[in-house]
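Colleague: Heads up: the sequence shown begins at 111 in my numbering, then just goes up one per residue.
Virtual Cβ for every residue (Gly too), placed ideally from N, Cα, C.
Questions regarding the structure given below will be posed in turn.
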Amino acid sequence: MTRTLVLLDVTAMSGDAVCVAGIDLDTRETLRLNDPPPTRTMLRRLEGLAPGDVIRVDWKPVRRPTPPHVEDGEWAPRSLKKIRVMAIPEIVALLSPGAFDSVEDAFGGHFYTGGGGNHAWKPSAGSRSLATIRTQYVRADERAGKLRITIRDERNAYLRGIPFQDLAVRLHATECRDCADSYLRRVREEFDGNRVLVRVGLTRSFAPDDDRPQGCWLQVTNVFGRPRQHFA
């Protein structure tokens, strides 16, 4: 079936892998382009994909998705066509009615908390792995050389140590000369904000070390506050 969706999440994963997801503009379903798995190499062949791109693509749900990743679907890369780019105010208007007031509202209670303060959810459970959250504020920081996000959601929950996995943001850390001495400052200029919508997701299941159980870890995949400039 041909779907028309606006991309919300273009997320760096391990190695060359990328997670690409968005919302169907007709049904308002959240869909992930999962099979075949997108890669950075594939995205370059498609002349790049970014949040805000409106695309038309042949997509169908996988037969037996593994919770919480119920958004997974099969897609045909050759069918993909870019239509236009949706502006931030239009995206915010689209997402606001279905946004959650807290991460817990979206995913339920977490399984356990890691050493860095981030939370994991139980594998093979849950009704979604992607969601939009209303926040009181969003702040970026670096810990041990790694970019992290702190949010306080609308229910006043304080969440820290969340990796920011947006692909463009992650690539700039290693490939952008202008970011060499000002990476964190530039991230803060574009993504720190108050009363903004934050896209969050749960990773595929993994254990951070031999002493911890498998978990699906919280990550920030996008922040919709102001138009991107440096990280476009």
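#1: Rounded to whole angstroms, what's the CA-CA distance from C286 to L277? Just pull it up for me.
#2: Between E184, V130, P146 and V297, which lies nearest to G158 when the distance is taken from Cα to Cα?
#3: What separation, rounded to the nearest whole angstrom, lies between the Cα atoms of P146 and T112?
#4: Report the residue from S237, F274 and D126 whose alpha carbon sits nearest the alpha carbon of G255.
#5: Rounded to whole angstroms, what's the CA-CA distance from R295 to F301? Just pull it up for me.
#6: Please list the segments of the alpha helix (DSSP H) lying wholly inside the segment 133-203, counting only runs of 4 or more residues, in order along the chain.
#7: Span of the alpha helix (DSSP H) holding F301?
#8: Identify whether R253 lies in helix, strand or coil by the three-state DSSP scheme.
#9: What whole-angstrom Cβ distance do S315 and Q329 have, given they're in contact under 8 Å?
#10: Please name the residue or residues paired with L307 in a DSSP beta bridge.
#11: Going by alpha carbons, who is nearest to L143 out of A197, S124, D136 and T114?
#12: Does D263 pass the burial test, meaning 16 or more other C-beta atoms within 10 Å, or should it be called exposed?
#13: Could you tell me which residues DSSP pairs with F274 in its beta bridges?
#14: Does the beta-carbon of G125, which I'm using as the reference point, lie nearer than 7 Å to any heavy atom of the ligand NAD?
#15: Can you tell me which of the three DSSP states F210 falls into?
#16: Give the secondary structure of D288 by DSSP, where H, G and I count as helix, E and B as strand, and everything else as coil.
#17: Does the beta-carbon of A186 have 16 or more other beta-carbons within 10 angstroms, so that it is buried, or is it exposed?
#18: Mind checking who R121 pairs with in its DSSP beta bridge?
Modeller: If we stick to the structure as given:
#1: 13 Å
#2: V130
#3: 16 Å
#4: F274
#5: 10 Å
#6: 150-155
#7: Y293 to F301
#8: strand
#9: Actually they are not in contact, since the Cβ atoms of S315 and Q329 sit about 13 Å apart, beyond 8 Å.
#10: R244 and F334
#11: T114
#12: buried
#13: V330
#14: The model depicted lacks the ligand NAD and carries no ligand whatsoever.
#15: strand
#16: helix
#17: exposed
#18: What sits at residue 121 in the sequence shown is Thr, not Arg. Beta-bridge pairing links T121 to C129 and D276.
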